[in-house]
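One structure is given here, and the rest of the page talks about it.
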Amino acid sequence: MIAGYNTISMGTGRKEFSPKKPRPDLEDYFKEAGQGVLKQIGGAQNVDEAVIGNFIGARFNRQGNMAGFVPYIDEGLRYKPATRVEGACGTGALALVSGIKSVLAETADVVLVLGIEVQNTVKAIYGADILAAAGWAKERKEGHAYFFPGKFSDRSKAYAAQFDKEKTRSAMAKWFENAIDNARTCPTAQEYHNTTKDLIACGMNAPNPKGFVDSLNIFDCSKVSDGASAIAVVSEEGLKRCGFAKKDAIEIIGFGQAEEDITKPPVDPTVLSTTKEAVRQALASAGITKDQIGTVECHDCFTIAGIMATEAIGFAEHGKGTDFVLAGNTARNGKVPFNTTGGLIGWGHPTGATGVHQAVTIWEQLTNKAGDSQITIHPDRPYGLSINMGGDDKTLVSIVYKKAE
Amino acid sequence: MNYTEKLQNVTVLGAAGKMGSGILLLTALEMADLSLKPENKGKLFILNAMDTSSDGLKGLMKYLKTQVLKAAEKKVIALRQVYHDRADLIDNSEIIDQYVEDVLFIVRPTTNIEAAYESNVIFEAIKEDPALKVKIFNQINQNNKKSPWFCTNTSSIPISLLDTDANLDGRVLGVHFYNPPAVQKLVEIIQTKATNPELVEFVNMLSKNLRKVLVPSNDFAGFIGNGHFMRDALHGINEVEKLATNHSFAESVYMINRITQDFLIRPMGIFQLIDYVGIDVCQYIMSVMNPYLPDENLHSNLLDQMLALNVRGGQNSDGSQKDGFLQYEKGRVSAIYDINKKSYVPIADIQAACDEKLGVLPASYQPWKAVVGNKNKEEVFKTYFNELKTHDSFGAEIARNYARRSKEIGIKLVLDNVAYNENDVNTVLLTGFFHAYGPINDYL
Numbered sequence: 000m001i002a003g004y005n006t007i008s009m010g011t012g013r014k015e016f017s018p019k020k021p022r023p024d025l026e027d028y029f030k031e032a033g034q035g036v037l038k039q040i041g042g043a044q045n046v047d048e049a050v051i052g053n054f055i056g057a058r059f060n061r062q063g064n065m066a067g068f069v070p071y072i073d074e075g076l077r078y079k080p081a082t083r084v085e086g087a088c089g090t091g092a093l094a095l096v097s098g099i100k101s102v103l104a105e106t107a108d109v110v111l112v113l114g115i116e117v118q119n120t121v122k123a124i125y126g127a128d129i130l131a132a133a134g135w136a137k138e139r140k141e142g143h144a145y146f147f148p149g150k151f152s153d154r155s156k157a158y159a160a161q162f163d164k165e166k167t168r169s170a171m172a173k174w175f176e177n178a179i180d181n182a183r184t185c186p187t188a189q190e191y192h193n194t195t196k197d198l199i200a201c202g203m204n205a206p207n208p209k210g211f212v213d214s215l216n217i218f219d220c221s222k223v224s225d226g227a228s229a230i231a232v233v234s235e236e237g238l239k240r241c242g243f244a245k246k247d248a249i250e251i252i253g254f255g256q257a258e259e260d261i262t263k264p265p266v267d268p269t270v271l272s273t274t275k276e277a278v279r280q281a282l283a284s285a286g287i288t289k290d291q292i293g294t295v296e297c298h299d300c301f302t303i304a305g306i307m308a309t310e311a312i313g314f315a316e317h318g319k320g321t322d323f324v325l326a327g328n329t330a331r332n333g334k335v336p337f338n339t340t341g342g343l344i345g346w347g348h349p350t351g352a353t354g355v356h357q358a359v360t361i362w363e364q365l366t367n368k369a370g371d372s373q374i375t376i377h378p379d380r381p382y383g384l385s386i387n388m389g390g391d392d393k394t395l396v397s398i399v400y401k402k403a404e
Numbered sequence: 000m001n002y003t004e005k006l007q008n009v010t011v012l013g014a015a016g017k018m019g020s021g022i023l024l025l026t027a028l029e030m031a032d033l034s035l036k037p038e039n040k041g042k043l044f045i046l047n048a049m050d051t052s053s054d055g056l057k058g059l060m061k062y063l064k065t066q067v068l069k070a071a072e073k074k075v076i077a078l079r080q081v082y083h084d085r086a087d088l089i090d091n092s093e094i095i096d097q098y099v100e101d102v103l104f105i106v107r108p109t110t111n112i113e114a115a116y117e118s119n120v121i122f123e124a125i126k127e128d129p130a131l132k133v134k135i136f137n138q139i140n141q142n143n144k145k146s147p148w149f150c151t152n153t154s155s156i157p158i159s160l161l162d163t164d165a166n167l168d169g170r171v172l173g174v175h176f177y178n179p180p181a182v183q184k185l186v187e188i189i190q191t192k193a194t195n196p197e198l199v200e201f202v203n204m205l206s207k208n209l210r211k212v213l214v215p216s217n218d219f220a221g222f223i224g225n226g227h228f229m230r231d232a233l234h235g236i237n238e239v240e241k242l243a244t245n246h247s248f249a250e251s252v253y254m255i256n257r258i259t260q261d262f263l264i265r266p267m268g269i270f271q272l273i274d275y276v277g278i279d280v281c282q283y284i285m286s287v288m289n290p291y292l293p294d295e296n297l298h299s300n301l302l303d304q305m306l307a308l309n310v311r312g313g314q315n316s317d318g319s320q321k322d323g324f325l326q327y328e329k330g331r332v333s334a335i336y337d338i339n340k341k342s343y344v345p346i347a348d349i350q351a352a353c354d355e356k357l358g359v360l361p362a363s364y365q366p367w368k369a370v371v372g373n374k375n376k377e378e379v380f381k382t383y384f385n386e387l388k389t390h391d392s393f394g395a396e397i398a399r400n401y402a403r404r405s406k407e408i409g410i411k412l413v414l415d416n417v418a419y420n421e422n423d424v425n426t427v428l429l430t431g432f433f434h435a436y437g438p439i440n441d442y443l
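Same order as they appear, the protein sequences are chains A and B.
Numbering of the first sequence is given in numbering that gives the first Met the number 0, commencing with residue 0 and proceeding in unit increments.
Numbering of the second sequence is given in numbering that gives the first Met the number 0, commencing with residue 0 and proceeding in unit increments.
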């Protein structure tokens, strides 16, 4: 993978964001992110095909047929193959996997992968309706007004009840603090401008079931975001074509992809079992162990999902993810820094773009291009891992990356 | 008293007005919520929105739709339960739309007073004119066979006068909402010795359901809210007149307005507040109150002069501020009226010199917006007023006198038995005027 590009994650938190003022639209994000990659790889003529990841622009933006925007990015992409994929919030990584498979199948040497979502077109209460499509539609009637926060509130409640309520809340607050600390290092992050002093106090706020959900406060939640991320998935041949040195590329070492039945409730609400399976596949495919991972981009749509992800990867035992987080292991100076540009809570969550954003962040980190967000990658832990999740632990992709040699 | 039964047929008089529209909105929401309870299925709820202006009613329905939509969005979690048995309503958007439809279905806009003849409860928010109120109450009372209850939003007229002159036999209660009723928490409740206790019980229940803060006031012209505000305003006007001997009129207004907003840490300066309420309304309220105050003269020549020059303040139908003592651009003060020049002086022309004259604010100063929600604001004010106490500046001196006068007015309201206690006075200023601290305090 080479030439990653992220637009700003736009939404509440950004100084320039106002719901009442005009702001960039789908077209702008397509153009910015797409051109951001094309400029780095020597232009559109070097691209064999494109994959667009978009969850639900048909409702947020009244726009379907998103692949049609590929030639809009650059006239040089006209008549090239383009596909749009969708897997709810896991869309971005599905787009990556689609590109990876094209390269592996040797049907393409350079695939432009672009994830995009523009969600601030409606108020949050209506956005909740739209995002509920990531779950089983037949559950919507009985679901919470804020459908997905409701789902993860149930998980959080079950986790706190089974283990330690106070510790769970503290670890969720800690996760929030880490997310904002990281976002403050990244100029494109939605929480880049956050100046709140006592982040832990925010995270410790008691949930308000009358106004929101039972077991989450608003700081536990990812952002409502507009944005796009793009990257080029290339073969060795493609790398040469694009004039890229290996030191500026990352290699896909392995990946896992797992799907769970959307009509079934979680087997155990305190476990992200599909995430666990996707990570297991990814590590097996890469032939590495968790102890060789130097950084993780995980799908922290809610703080509790971040904590559960540490367990799904195997860094902590079931119920001990809270200790792992509270001990500082996931912080940017910790043993395995997680979500080094803020993750879904700090950087933002333009749903269809998130999986691609994760790959771009890992590309930046492993090739020493992360600017103020840069962490140290230790030689004994040279691998990056991403986990992108669609729905309530339903559509999962996990990828293992390493700096190309 | 059957609360639900009483609310099955209600009329709001003056429904298109500033206060009436808010009262109508709150009542409509409460009636709709009742109508949606399973036990009330099939019962008809009617809320007559009566106003003499057809145009006003058109604007009212637009306002109502917008506000009900906002209310529905805010309480969608509860509404999902309310409509739980409606299999066709799945998304929040569908539930919200249905609720808006259900609320608006209850409301019947009308220009005919006859609509009130079938009502159990009449909310009145018409012009602050005792004779007009008496005439209308009398007419409805004579034609309505249900012995209706009257809730008047008067802010100044004694309730006993309305009761006696309209022959209501204790079926009238002062239910004084604050502007805007949908936002302001305060409701002043004014009962007379003759008031029907069931009516009081009804209003208590309604106010509680509307999450309002109730403060009882004795039946004395102006009650607590205007009892304080009118005297406070008059003090500000007197201060301007004193300053105007050495400064231009516009400079004087600017300085007193700034002192009352910044030096006293209030949400707005006293002249902005007078403009907000309306210079004509202030003058009228004073004229209604004045005959009941033998020991003082609650009257301002300055207000008379401003009105003679057709400078009135008040608000446009879209809620924007009309020009008064101050001129407004996009909600911000841009110029000050100069009564001698009969024109507005841009604030930029006088601001620097006036601010220099007033002097700097005490070091611990924080604007109202920063302090109003502070849980430790008591400490903030103690520190601030301690500094103000010895602060050697022109602005601080006037501010100290202003704060002392405000306290004096508050205490007198208790001594005169208008308010039952000092706490009630403070509550009115905190919840009805959005002050961050009550006037009766020991800060100075």
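A virtual CB, placed ideally from N, CA and C, is assigned to each residue, including glycine.
Residue i and residue j closer than 8 Å at C-beta
i, j, result
"residue 247 of chain B", "residue 337 of chain B", "yes"
"residue 355 of chain A", "residue 35 of chain A", "no"
"residue 87 of chain A", "residue 390 of chain A", "yes"
"residue 225 of chain B", "residue 18 of chain B", "no"
"residue 222 of chain B", "residue 273 of chain B", "no"
"residue 193 of chain B", "residue 164 of chain B", "no"
"residue 298 of chain B", "residue 289 of chain B", "yes"
"residue 271 of chain B", "residue 332 of chain B", "yes"
Three-state secondary structure (DSSP) of residue i
i, result
"residue 270 of chain A", "coil"
"residue 351 of chain B", "helix"
"residue 166 of chain A", "helix"
"residue 301 of chain A", "strand"
"residue 337 of chain B", "strand"
"residue 3 of chain B", "helix"
"residue 364 of chain A", "helix"
Separation of residue j from residue i, as counted between CA atoms
i, j, result
"residue 33 of chain B", "residue 26 of chain B", "11 Å"
"residue 37 of chain B", "residue 114 of chain B", "28 Å"
"residue 53 of chain A", "residue 370 of chain A", "28 Å"
"residue 219 of chain B", "residue 424 of chain B", "14 Å"
"residue 403 of chain A", "residue 138 of chain A", "45 Å"
"residue 7 of chain B", "residue 215 of chain B", "26 Å"
First and last residue of the uninterrupted alpha helix (DSSP H) at residue i
i, result
"residue 198 of chain A", "198-202"
"residue 70 of chain B", "53-73"
"residue 281 of chain B", "278-288"
"residue 236 of chain B", "224-242"
"residue 342 of chain A", "342-345"
"residue 305 of chain B", "300-307"
"residue 126 of chain A", "123-130"
"residue 404 of chain B", "393-414"
Exposure of residue i, with buried meaning 16 or more beta-carbon neighbours within 10 Å
i, result
"residue 362 of chain B", "exposed"
"residue 234 of chain B", "buried"
"residue 406 of chain B", "buried"
"residue 131 of chain A", "buried"
"residue 32 of chain A", "buried"
"residue 77 of chain A", "exposed"
"residue 65 of chain B", "exposed"
"residue 10 of chain B", "buried"
"residue 364 of chain A", "buried"
Proximal chain D residues relative to residue i, where beta-carbon distance stays under 7 Å
i, result
"residue 79 of chain B", "No chain D appears in this structure, whose protein chains are A and B."
Contact test: residue i Cβ vs the ligand GDP heavy atom, cutoff 7 Å
i, result
"residue 244 of chain B", "Here there are no bound small molecules, and the ligand GDP is not part of this structure."
Delimiting residues of the beta strand (DSSP E) encompassing residue i
i, result
"residue 216 of chain B", "212-216"
"residue 8 of chain B", "8-12"
"residue 400 of chain A", "394-402"
"residue 148 of chain B", "148-151"
"residue 225 of chain A", "225-233"
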